[in-house]
Amino acid sequence: MKEEFLPEISVVIPVYNEGELISDSLLVIADMLSTVTSRYEIIVVDDGSQDDTWNRLTLLSMALPALSPLRLSRNFGKEAALCAGLECARGAAVIVMDGDLQHPPELIPRMVELWRNEGYEIVECVKESRGRERLDKKLGASAFYGALNHLSGHDLRDASDYKLLDRKVMDAWRRLPERITFFRGMSAWLGFKRITLSFHVAPRKSGSSQWSVFHLAKLAVNAIVSFSTIPLRMVSIVGILFLIGSVVLGVQTLIQKFQGVALTGFTTVILLLLIIGSFVMISIGIMGEYIAAIYHEVKGRPRYLISERIVSSEAQAAALEQHNFILDQNMNLSTPRREPQHSRHMSHD
Ligand code: UDP
Ligand code: MG
């Protein structure tokens with residue numbers, strides 16, 4: 007009875023300042039979804055937009071009963087917005103996608119078919135081409151993924167955040183306790199029966215990418231720090247190499263001293279000081295990153311805070327139905343057992 011109201015497919019879309027695009031995108035996505043199933047929900051997470059995104063979502067939710075917008079109290083970043091949406095998703099499968107139509111909704115029927123008929127638990131869409139991007143972003147991305155592949159052992163080069171996840175995967179993902187998240191990496195780490203579909207990244211219709219160089223660098227550092235401890239180990243390896251080097255140099259200096267050969271000035275000393283100094287600094291920096299990560303994990307703050315949420319009318323009906331159902335059950339169960347003694351004991355508990 008309860009299951010009837012649960013959606014089959016949940017779509018989670020994080021958006022930030024997408025007022026211009028969001029209505030069109032959602033209508034296209036909803037159209038595409040309705041060809042696949044009648045039981046779907048669209049959870050749009052407004053990641054603290056400063057434009058009219060939230061107003062548009064509020065209006066749209068009246069026209070689109072399957073839409074449940076969710077608003078974070080400030081801009082927490084795409085990863086946190088994704089987490090918020092995923093934790094609210096109730097579908098048997100969840101599709102994660104961007105709100106700017108750069109993730110083509112035409113792939114949805116194929117994704118659902120692979121999940122429904124062929125039993126894949128993760129359908130990942132990979133970028134066949136990265137679309138039109140600024141050169142610095144392209145170079146940055148290839149350097150970052152190159153480093154991440156070596157450090158984490160997962161090939162994430164063309165990975166995108168456009169995926170379908172089965173309920174089982176979602177449950178497993180929810181059990182990961184970490185606060186610093188890199189969704190692409192975490193879903194690769196989870197495993198499960200997976201298949202990839204490739205797609206071309208369509209150019210943005212309007213608006214602009216919200217990622218600044220600073221945000222991307224932060225994401226890259228988070229991804230590496232939360233996926234690999236190799237940089238931390240590198241500190242000790244470099245340390246050992248330096249020790250060997252200094253022993254060799256020390257022995258040579260001593261031999262020269264005993265042989266009475268004059269030292270060749272301060273150049274070597276200054277160079278050594280500089281090199282060692284900089285390596286020590288870099289090492290401390292790397293350690294700092296990990297300590298920062300530990301600090302964030304230990305603090306255990308929530309990943310996001312929700313300030314508002316509109317529950318779709320379908321969901322309300324389902325909640326009401328469930329509430330009545332539970333009420334009915336409780337009435338049936340509790341009627342024969344209404345003994346005062348018993349209830350006193352219960353309240354004492
Ligand atoms: N986004 C978000 N929070 C942010 C930045 C972006 O929720 O702080 C959303 C954005 O609205 C979009 C998706 O993340 O739906 C992808 O962002 P964008 O299109 O700017 O990135 P790109 O496509 O260039 O990777
Ligand atoms: Mg985009």
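The opening position of the sequence shown corresponds to residue 7 in this note's numbering, with each subsequent residue numbered one higher.
Think of the CB as a built atom: it goes at the ideal place given N, C-alpha and C, for glycine as much as any other residue.
beta-carbon residue i near the ligand UDP non-hydrogen atom, thresh 8 Å
i, result
"Gln56", "no"
"Trp217", "yes"
"Val21", "yes"
"Asn61", "no"
"Arg80", "no"
"Gly83", "yes"
"Glu134", "no"
"Glu130", "no"
"His302", "no"
"Ala165", "no"
"Glu26", "no"
"Asp30", "no"
"Val370", "Outside the shown range of the chain, which is 7 to 355, sits residue 370, and nothing can be said about it."
"Asp37", "no"
"Asp142", "no"
"His221", "yes"
Beta bridge counterpart(s) of residue i as assigned by DSSP
i, result
"Leu386", "As shown, the chain starts at 7 and ends at 355. That puts residue 386 outside it, with no answer to give."
"Asp172", "Ala99"
"Lys211", "Note: Lys211 sits in no beta bridge, so no partner."
"Phe205", "Lys133"
"Ile4", "Residue coverage of the chain in this structure runs from 7 to 355, which leaves residue 4 outside it and unanswerable."
"Ile312", "Leu78"
"Pro20", "Val51"
"Ile128", "Leu171 and Arg200"
"Ala358", "A query on residue 358 cannot be resolved here, the shown segment of the chain reaching from 7 to 355 and no further."
Heavy atom of the ligand MG within 8 Å of residue i beta-carbon
i, result
"Gln258", "no"
"Arg190", "no"
"Gln108", "yes"
"Asp104", "yes"
"Arg181", "no"
"Arg173", "no"
"Arg210", "yes"
Span separating the alpha-carbon of residue i from that of residue j
i, j, result
"Asp167", "Ala99", "15 Å"
"Ile201", "Val286", "44 Å"
"Glu26", "Thr59", "8 Å"
"Leu157", "Ala321", "43 Å"
"Met7", "Gly97", "Per-residue confidence for Met7 stands at a pLDDT of 44, beneath the threshold of 50, marking its modelled position as unreliable; no derived number is given."
"Val253", "Leu247", "10 Å"
"Arg80", "Ala147", "27 Å"
"Leu171", "Ser44", "19 Å"
"Ala194", "Lys263", "58 Å"
"Met38", "Ile297", "45 Å"
"Leu66", "Leu222", "31 Å"
"Leu107", "Gly283", "49 Å"
"Ile300", "Glu184", "10 Å"
"Glu314", "Val51", "10 Å"
"Trp121", "Phe11", "20 Å"
"Leu326", "Leu76", "20 Å"
"Val219", "Lys169", "25 Å"
"Ile392", "Leu238", "Because residue 392 is not part of the residues shown, which for the chain are 7 to 355, the question remains open."
"Val257", "Cys89", "57 Å"
"Ala153", "Leu225", "13 Å"
"Asp23", "Gln56", "In the sequence on display, residue 23 carries Asn and not Asp. In a straight line, the C-alpha of Asn23 is about 6 Å away from that of Gln56."
"Val42", "Val241", "52 Å"
"Leu73", "Phe150", "35 Å"
"Arg190", "Thr259", "52 Å"
"Val207", "Ala324", "37 Å"
"Glu85", "Leu279", "42 Å"
"His109", "Glu124", "23 Å"
"Asn155", "Ile281", "29 Å"
"Ile15", "Ile49", "11 Å"
"Gly83", "Phe188", "11 Å"
"Arg180", "Ile250", "46 Å"
"Val132", "Trp217", "20 Å"
Whole-number beta carbon distance between residue j and residue i, since they are thought to touch under 8 Å
i, j, result
"Val21", "Gly105", "4 Å"
"Ile19", "Met117", "Incorrect: roughly 15 Å between the Cβ atoms, too far for contact."
"Val175", "Phe198", "5 Å"
"Leu70", "Ala95", "Contact doesn't hold; Cβ gap of about 16 Å is too wide."
"Val34", "Pro111", "6 Å"
"Leu78", "Gly54", "5 Å"
"Leu182", "Met192", "6 Å"
"Ile101", "Leu63", "18 Å between Cβ atoms; not a contact."
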